[in-house]
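J.:
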Amino acid sequence: MAAITMELIQALRERTGIGMMDCKKALQEADGDIEKSIELLRKKGAAVAAKRSGNATAEGVVHAYVHPGSRIGVIVELNCETDFVARTADTVAFASDLCMHIVAFRPLYASKEEVPADLVAKEKAIFAEQMATSSKPAAIAEQIIEGKLQKFYNEICLLNQPFVKNDKFTVDEMLKQLIAKMGENIKIKRFARFEIGA
Numbered sequence: 090m091a092a093i094t095m096e097l098i099q100a101l102r103e104r105t106g107i108g109m110m111d112c113k114k115a116l117q118e119a120d121g122d123i124e125k126s127i128e129l130l131r132k133k134g135a136a137v138a139a140k141r142s143g144n145a146t147a148e149g150v151v152h153a154y155v156h157p158g159s160r161i162g163v164i165v166e167l168n169c170e171t172d173f174v175a176r177t178a179d180t181v182a183f184a185s186d187l188c189m190h191i192v193a194f195r196p197l198y199a200s201k202e203e204v205p206a207d208l209v210a211k212e213k214a215i216f217a218e219q220m221a222t223s224s225k226p227a228a229i230a231e232q233i234i235e236g237k238l239q240k241f242y243n244e245i246c247l248l249n250q251p252f253v254k255n256d257k258f259t260v261d262e263m264l265k266q267l268i269a270k271m272g273e274n275i276k277i278k279r280f281a282r283f284e285i286g287a
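Mapping of the sequence shown onto my numbering: residues 90 to 287, in sequence order.
Next up, the structure:
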């Protein structure tokens, strides 16, 4: 078994933003392999999030951020199961990072489920028209259209975007890591981005 050094733990922590003890456990389980550890951390976060996803989230926190220069501002509402978790430093830090992410990436919707059906249909029609002029077989063209649609979601949906502070993870994966750490369901309820002149 590979030796799990503080340097290795710190390297994994810097890449993932996950706590030291969780990084150490993941490295031990992956025999010191950082890439396998990252995958294990992702799976753990997803598993805990799936288990907690049905729990009611009646508590939460509203966090506001005004970007230097006072020309852009963001308000985010995070919901969780208890007021205790809503007030933790980790939850507040995530809300703050989320606000900065929204300033930088300009998402229009929290998730792809929120994207209006008529907008999706319009985009799909544009992609289908692009494929109509290609000589690709119908099955391949359909796969390309689905790929383009996924890219469209990745651009406009907050949960699909690469996280501003660690682009190895999506916002959704970072949220799942927070859920795993806190041990309760947390949801991004809504957000609003304000920009002068926009």
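Virtual Cβ for every residue (Gly too), placed ideally from N, Cα, C.
(1) Tell me where the alpha helix (DSSP H) around THR94 begins and ends.
(2) Under a Cβ-count criterion, where at least 16 other Cβ atoms within 10 Å of its own Cβ denotes burial, should LEU197 be classed as buried or exposed?
(3) Should the segment 231-248 be called in touch with the segment 190-208, which here means at least 3 C-beta pairs below 8 Å?
(4) How would you call GLN266, buried or exposed, if buried means at least 16 neighbouring beta carbons within 10 angstroms?
(5) Using a threshold of 8 Å, state whether the C-beta atoms of THR180 and GLU273 are closer than that.
(6) CA-CA distance, HIS156 and GLN219?
(7) Let me know if PHE173 comes out buried or exposed under the rule of 16 or more other beta-carbons within 10 Å of its beta-carbon.
(8) Counting Cβ pairs, one atom from each stretch, are 3 or more of them under 8 Å apart for the segment 252-264 and the segment 230-239?
(9) In the DSSP assignment, find the unbroken alpha helix (DSSP H) run with LYS114 in it and report its ends.
(10) Nearest to ALA269 by alpha carbon, out of LYS133, VAL150 and LYS213?
(11) Buried or exposed, going by whether 16 or more other CB atoms sit within 10 Å of the CB of ARG279?
(12) Considering Cα atoms alone, identify which of LEU238, MET110 and TYR154 is closest to PHE283.
(13) Please look up how many angstroms separate the CB atoms of LEU167 and ILE285, rounded, as I've assumed it's under 8 Å.
(14) Per DSSP, what kind of secondary structure is ASN274 in: helix, strand or coil?
(15) Just to confirm, are CYS169 and ALA175 a CB contact at a threshold of 8 Å?
(16) Please report the residue range of the beta strand (DSSP E) in which GLU166 lies.
(17) Do you know offhand how far ALA147's Cα is from VAL165's?
(18) Determine, using beta carbons only, whether PHE194 and VAL253 come nearer to each other than 8 Å.
T.: For this structure:
(1) For the purposes of this step, residue 94 is taken as the residue at position 5 of the sequence shown. First-last for THR94: undefined, no H or E at that position.
(2) Walking along the sequence shown from the start, residue 197 turns up at place 108. Under this definition LEU197 is an exposed residue.
(3) yes
(4) Residue 266 sits at position 177 when you count from the first residue of the sequence shown. GLN266 should be labelled buried.
(5) Start at 1 with the first residue of the sequence shown, and residue 180 comes out as number 91. Start at 1 with the first residue of the sequence shown, and residue 273 comes out as number 184. Their beta carbons are not under 8 Å apart, which means THR180 does not touch GLU273 by this criterion.
(6) Taking the first residue of the sequence shown as position 1, residue 156 is located at position 67. Taking the first residue of the sequence shown as position 1, residue 219 is located at position 130. Their Cα atoms are separated by approximately 39 Å.
(7) On the sequence shown, position 84 is the one that residue 173 refers to. When all chains shown are included, PHE173 counts as exposed.
(8) no
(9) Walking along the sequence shown from the start, residue 114 turns up at place 25. Counting along the chain, the alpha helix (DSSP H) containing LYS114 begins and ends at 109-118.
(10) On the sequence shown, residue 269 is found 180 positions in, with the first residue counted as 1. Comparing Cα positions, the closest option is LYS133.
(11) For the purposes of this step, residue 279 is identified with residue 190 of the sequence shown, where counting begins at 1. So ARG279 ends up on the exposed side.
(12) Here residue 283 refers to the residue found at position 194 when the sequence shown is read from its first residue. The shortest Cα separation from PHE283 among LEU238, MET110 and TYR154 belongs to TYR154.
(13) Translated into the one-based positions of the sequence shown, residue 167 becomes position 78. Translated into the one-based positions of the sequence shown, residue 285 becomes position 196. In fact, because the Cβ distance is near 26 Å, the residues do not count as touching under 8 Å.
(14) Mapped onto the sequence shown, residue 274 falls at position 185. DSSP places ASN274 in coil when its eight states are reduced to three.
(15) Indexing the sequence shown from 1 puts residue 169 at position 80. Indexing the sequence shown from 1 puts residue 175 at position 86. Contact flag set, yes.
(16) In the sequence shown, the residue the question calls residue 166 occupies position 77. First-last of the beta strand (DSSP E) with GLU166: 161-169.
(17) Counted from its first residue, the sequence shown places residue 147 at position 58. Counted from its first residue, the sequence shown places residue 165 at position 76. Cα to Cα, ALA147 sits roughly 15 Å from VAL165.
(18) In the sequence shown, residue 194 corresponds to position 105, counting from 1. In the sequence shown, residue 253 corresponds to position 164, counting from 1. Yes. Within cutoff.
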